[in-house]
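Each remark here refers to the structure printed beneath this line.
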Amino acid sequence: MALPPFVLAAVGVSHPTFLNPETATYWRNLHIAILLVFPLLGFAPWLVVRGRAAWLSWTVGILGFVYAGFYSALDILAGIGAGALVQAGVPEGTATVFTFGDGLGQIGSIAFVGACGFAAAYAFMWGGPRTLPGGVLVIIGSLLFMLRHIFFPVGVIGQLCLAAGWVIIVLALAARAKADSTVAAEAQTV
Numbered sequence: 022m023a024l025p026p027f028v029l030a031a032v033g034v035s036h037p038t039f040l041n042p043e044t045a046t047y048w049r050n051l052h053i054a055i056l057l058v059f060p061l062l063g064f065a066p067w068l069v070v071r072g073r074a075a076w077l078s079w080t081v082g083i084l085g086f087v088y089a090g091f092y093s094a095l096d097i098l099a100g101i102g103a104g105a106l107v108q109a110g111v112p113e114g115t116a117t118v119f120t121f122g123d124g125l126g127q128i129g130s131i132a133f134v135g136a137c138g139f140a141a142a143y144a145f146m147w148g149g150p151r152t153l154p155g156g157v158l159v160i161i162g163s164l165l166f167m168l169r170h171i172f173f174p175v176g177v178i179g180q181l182c183l184a185a186g187w188v189i190i191v192l193a194l195a196a197r198a199k200a201d202s203t204v205a206a207e208a209q210t211v
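Pasting the structure below:
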């Protein structure tokens with residue numbers, strides 16, 4: 022769960038701030054290279070809630086699916102397409118692909134924030150206070166991702182918040198599950 026945001030944080034450190042003829046090739050190639058990483062972010066919230074109440078698993082799963090589709094459209098249009106246009110010497114078309122891509126990406130980002138919110142709330146309700154720092158980091162990370170993509174430094178910080186938050190949540194939930202199984206085993210022996 023932490024690997025995709027770590028990869029995106031590492032890539033974000035070198036993500037050009039501006040698209041121009043000097044950065045166009047790298048901009049385009051960077052977005053091609055991470056095209057399959059962005060959708061993986063949508064699995065993390067679902068992995069936290071899977072197997073729980075059907076409505077929750079389905080809601081988070083659908084939100085993750087919406088995120089993956091719409092955010093990929095942003096990556097393809099504003100990343101790959103805009104980079105290719107500038108590289109080909111046709112920068113006039115970039116305003117259109119950026120505007121259209123940003124609108125689609127915003128839909129995906131909102132869905133991602135929602136999925137993270139549901140997962141963090143569930144984690145807190147089931148795992149208790151030990152999950153709270155992770156939930157807060159996940160919410161902050163998803164909001165920073167929505168606001169600044171993976172651009173350095175804010176977007177990179179957002180990805181690191183996601184990675185750390187998921188690790189904290191998973192460890193806290195695992196500790197809770199272990200404690201519950203110990204109590205159940207002790208109850209059976211009595």
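Letter 190 of the sequence shown, counting from 1, is numbered 211 in the working numbering, and no numbers are missing.
Just so it is clear, CB atoms sit at the ideal spot from N, CA and C, and this is done for glycine as well.
For clarity, every value in this text was computed on a predicted model and none was experimentally measured.
Alpha-carbon spacing of residue 157 relative to residue 53, whole angstroms
Taking the sequence shown and counting its residues from 1, one reaches residue 157 at position 136. Taking the sequence shown and counting its residues from 1, one reaches residue 53 at position 32. Taking the straight line joining both Cα atoms gives about 31 Å.
Selection from 147, 87 and 96 that minimises the alpha carbon distance to residue 36:
Stepping through the sequence shown from its first residue, residue 36 is reached at position 15. Of 147, 87 and 96, the residue nearest in Cα terms is 96.
Could you pull out every residue in the same chain whose Cβ sits closer than 8 Å to the Cβ of residue 87, ignoring the five residues on either side in sequence?
Within the sequence shown, residue 87 is the residue found at index 66, counting from 1. So the list reads 128, 129 and 132, once near-sequence residues are dropped.
Three CB pairs or more closer than 8 Å across the region 22-30 and the region 161-178:
yes
Mind checking which residues open and close the alpha helix (DSSP H) that includes residue 107?
Looking up residue 107 in the sequence shown gives position 86. Run containing residue 107: 103-108, per the alpha helix (DSSP H) assignment.
Could you compute how far the alpha carbon of residue 41 sits from the alpha carbon of residue 162?
For the purposes of this step, residue 41 is taken as residue 20 along the sequence shown, with counting starting at 1. For the purposes of this step, residue 162 is taken as residue 141 along the sequence shown, with counting starting at 1. Distance between the alpha carbons of residue 41 and residue 162 is about 28 Å.
How big is the Cα-Cα spacing for residue 202 and residue 89?
By one-based count along the sequence shown, residue 202 stands at place 181. By one-based count along the sequence shown, residue 89 stands at place 68. Straight-line Cα distance between these residues: approximately 35 Å.
Does residue 39 have its Cβ less than 8 Å from a Cβ in chain B?
No chain B is part of this structure, which consists of one protein chain only.
What is the C-beta distance between residue 119 and residue 92, in whole angstroms, given that I count them as a contact (C-beta under 8 Å)?
Here residue 119 corresponds to residue number 98 of the sequence shown, with the count starting at 1. Here residue 92 corresponds to residue number 71 of the sequence shown, with the count starting at 1. 15 Å between Cβ atoms; not a contact.
If you pair each beta-carbon of the region 138-156 with each one of the region 101-113, do three or more pairs fall below 8 Å?
no
If you draw a straight line from the alpha carbon of residue 170 to that of residue 72, how long is it in whole angstroms?
Counting from 1 along the sequence shown, the entry for residue 170 is found at position 149. Counting from 1 along the sequence shown, the entry for residue 72 is found at position 51. Cα-Cα distance, rounded: 30 Å.
Tell me which same chain residues have a C-beta within less than 6 Å of the C-beta of residue 104, skipping the five on either side of it?
For the purposes of this step, residue 104 is taken as the residue at position 83 of the sequence shown. Closer than 6 Å at Cβ, skipping near neighbours: 45, 48 and 49.
Distance CB(residue 62)-CB(residue 143) smaller than 8 Å:
Position 41 of the sequence shown holds residue 62. Position 122 of the sequence shown holds residue 143. Not closer than 8 Å, so no.
State buried or exposed for residue 38, treating a residue as buried only when at least 16 other CB atoms are found within 10 Å of its CB.
As a first step, residue 38 is located in the sequence shown; it is residue number 17 there, counting from the start. Exposed, by the Cβ-count rule.
Hey, how far is the Cα of residue 51 from the Cα of residue 106?
On the sequence shown, position 30 is the one that residue 51 refers to. On the sequence shown, position 85 is the one that residue 106 refers to. Approximately 15 Å between the Cα atoms of the pair.
Please report how far the alpha carbon of residue 141 lies from the alpha carbon of residue 153, in whole angstroms.
Indexing the sequence shown from 1 puts residue 141 at position 120. Indexing the sequence shown from 1 puts residue 153 at position 132. Going from the Cα of residue 141 to the Cα of residue 153 covers about 8 Å.
Look up residue 118 in the DSSP assignment and say whether it is helix, strand or coil.
One-based indexing of the sequence shown puts residue 118 at position 97. Residue 118 falls in the helix class under three-state DSSP.
Span of the alpha helix (DSSP H) around residue 50
Residue numbering aside, residue 50 sits at position 29 when the sequence shown is read from its first letter. Per DSSP, residue 50 belongs to the alpha helix (DSSP H) from 45-54.
Can you list, in chain order, the residues of its chain with a C-beta nearer than 7 Å to that of residue 85? Leave out the 5 residues immediately preceding and following it.
As a working note, residue 85 is residue 64 in the sequence shown. Cβ neighbours of residue 85 beyond the five flanking positions: 63, 64, 66, 67 and 136.
Of the listed residues 121, 199 and 185, nearest to residue 24 (C-alpha basis):
On the sequence shown, position 3 is the one that residue 24 refers to. Ranking the options by Cα distance to residue 24, first place goes to 185.
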